[in-house]
Amino acid sequence: MGQATAASKQPRWAELTDIGAEVHARVTALQEGVLANRSAAVAGLARLRRGAGKPAGSVNEILQHTVSEKFAGPTAGDGPTAAETAAHVAMTLYAVHQQSQRKRMHQRGYGLGRAVRLLHPGEFGAIVPPVLRRFQALGTAQSLEEIV
59 MGQATAASKQ
69 PRWAELTDIG
79 AEVHARVTAL
89 QEGVLANRSA
99 AVAGLARLRR
109 GAGKPAGSVN
119 EILQHTVSEK
129 FAGPTAGDGP
139 TAAETAAHVA
149 MTLYAVHQQS
159 QRKRMHQRGY
169 GLGRAVRLLH
179 PGEFGAIVPP
189 VLRRFQALGT
199 AQSLEEIV
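Using the working numbering, the letters of the sequence shown map in sequence onto residues 59 to 206.
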């Protein structure tokens with residue numbers, strides 16, 4: 059059709075909110091440590107996996123990864139904010155996905171649709187792997203409670 063504009067050539071990174079950028083930075087640092095087989099990062103990933111499916115703030119051993127003033131905001135009360143919950147879900151689901159993988163499961167610029175297509179490039183009607191079923195459940199969830 060026409061030429062791409064300069065704005066359309068910018069990386070998706072430019073579209074992240076402050077909270078998204080913080081989660082991205084934390085996941086990237088953790089991922090680099092895991093892929094370099096650093097024991098602290100591998101242990102952190104294991105702890106994050108134990109937080110998957112549990113409410114934000116309920117697993118004390120992962121708070122160092124999932125709590126931040128950026129997530130809480132200046133008016134936060136005692137319960138988790140929406141941003142804290144989003145960060146918790148993103149980081150714990152990443153940890154489940156990265157488990158036992160020797161390549162980067164988090165890559166800047168890969169949206170959910172592209173990531174799912176890469177996970178399951180097979181023919182229509184083929185057996186659906188467990189990770190794809192999880193993404194299907196995520197995509198049809200009506201509430202956060204259905205995800206966690």
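We put the beta carbon where it would ideally sit given N, CA and C, even for glycine.
Next item on the list: Would you tell me roughly how many angstroms separate the C-alpha atoms of Val92 and Ser126, rounded to the nearest one?
Entry: Val92 and Ser126 have their C-alpha atoms spaced approximately 22 Å apart.
Note to self: Please report the straight-line C-alpha distance between His146 and Ala140, rounded to a whole angstrom.
What the structure shows: Distance between the alpha carbons of His146 and Ala140: 10 Å.
Item checked: Expected contact under 8 Å - CB spacing of Gly109 and Val100 to nearest Å -> No, Gly109 and Val100 are not in contact; Cβ-Cβ is about 16 Å, not under 8 Å.
Notebook entry, point to check: Whose C-beta lies closer than 7 Å to the C-beta of Asp76 among residues of the same chain, with five residues either side of it excluded?
Noted result: Only residues of its own chain outside the window of five on either side were considered, and among them Lys128 have a CB closer than 7 Å to the CB of Asp76, listed in chain order.
Note to self: If the criterion is Cβ atoms closer than 8 Å, does the pair Leu103 and Ala134 meet it?
What the structure shows: Going by C-beta atoms, Leu103 is not nearer than 8 Å to Ala134.
Check: Grouping DSSP H, G and I as helix and E and B as strand, with all else coil, what is Ala130?
Finding: Looking at Ala130 - three-state DSSP - the assignment turns out to be helix.
Next item on the list: Look at the alpha carbon of Gln157 and the alpha carbon of Gly131, and state the distance between them as a whole number of angstroms.
Entry: Taking C-alpha positions only, Gln157 is separated from Gly131 by approximately 31 Å.
Next item on the list: Express the C-alpha separation of Thr86 and Ser207 in angstroms, rounding to a whole number.
Entry: No statement about residue 207 is possible, as the shown extent of the chain runs from 59 to 206 and does not include it.
Next item on the list: Would you kindly work out how many angstroms separate the C-alpha atoms of Pro113 and Thr124, rounded to a whole number?
Entry: Pro113 and Thr124: Cα-Cα distance of roughly 11 Å.
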